[in-house]
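Here the sequence shown is numbered in our numbering, starting from 4 and rising by one per residue.
Beta carbons are placed, not taken as given, at the ideal position from N, Cα and C, and that holds for glycine.
Before any comments, here is the structure.
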Amino acid sequence: MEGQGLENIEVPLNDLGKVQIAPEVIQIISGLAALGVKGVAGTRGGVVKGLTQYLGRKNPKQGIKVELEEETRITVSVIVHYGVHLPSVGKEVQEKVKTAVESMTGLEVMDVKVKIVGVQFDGEQEQGTEEIPQRIV
């Protein structure tokens, strides 16, 4: 899992107790916000691909790295549709992720990095449903 080794973050709320937010929750919020941007075809993790990719299911945590140390920093790896203006899509992903995480968790997001890791052409299958090449015998 990206963002691994991190403890839950505590959000001070009131005198009733504390609220803990797991890094996985921030990954999901960030992934869903990124997928909502026009021009984003999907998110993608690093070298190791999850089982859900082969089953054709989207995983909103995939391709999202969260750092919850002194400051909250998020890295989002996205696949974009061919023909979109990359700087505009990247900026919109940054804004949507920052706004979504801050409004839903109350955390201040210091940094949102966007890595464009692929381009999807018209007519290609959605990310995670690519055909596995067959071996020629």
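Which of helix, strand or coil DSSP assigns to residue i
i, result
"VAL40", "coil"
"VAL87", "coil"
"GLY66", "coil"
"VAL140", "Note that VAL140 scores a pLDDT of 43, beneath 50, so its modelled location is shaky; the value from the coordinates is reported in the next line. Coil at VAL140, not helix or strand."
"GLY49", "Confidence is the limiting factor: at GLY49 the pLDDT is only 46, short of 50, which leaves the residue's position unreliable, though a coordinate-based value still follows. Correct three-state label for GLY49: coil."
Cβ distance (whole Å) where residue i is taken to contact residue j below 8 Å
i, j, result
"THR78", "LYS116", "4 Å"
"THR108", "ILE24", "6 Å"
"GLN97", "ALA44", "In fact, because the Cβ distance is near 17 Å, the residues do not count as touching under 8 Å."
"VAL104", "SER33", "6 Å"
Buried or exposed (CB count within 10 angstroms, at least 16 for buried), residue i
i, result
"SER80", "buried"
"PRO90", "exposed"
"GLY20", "exposed"
"LYS101", "buried"
"SER106", "exposed"
"GLY93", "buried"
"GLY66", "buried"
"LYS118", "exposed"
"GLY86", "exposed"
"LYS99", "buried"
"LYS68", "buried"
"GLY39", "exposed"
First through last residue of the beta strand (DSSP E) which encompasses residue i
i, result
"GLY109", "No beta strand (DSSP E) contains GLY109, which DSSP labels as neither H nor E."
"GLU74", "No beta strand (DSSP E) holds GLU74; DSSP gives it neither H nor E."
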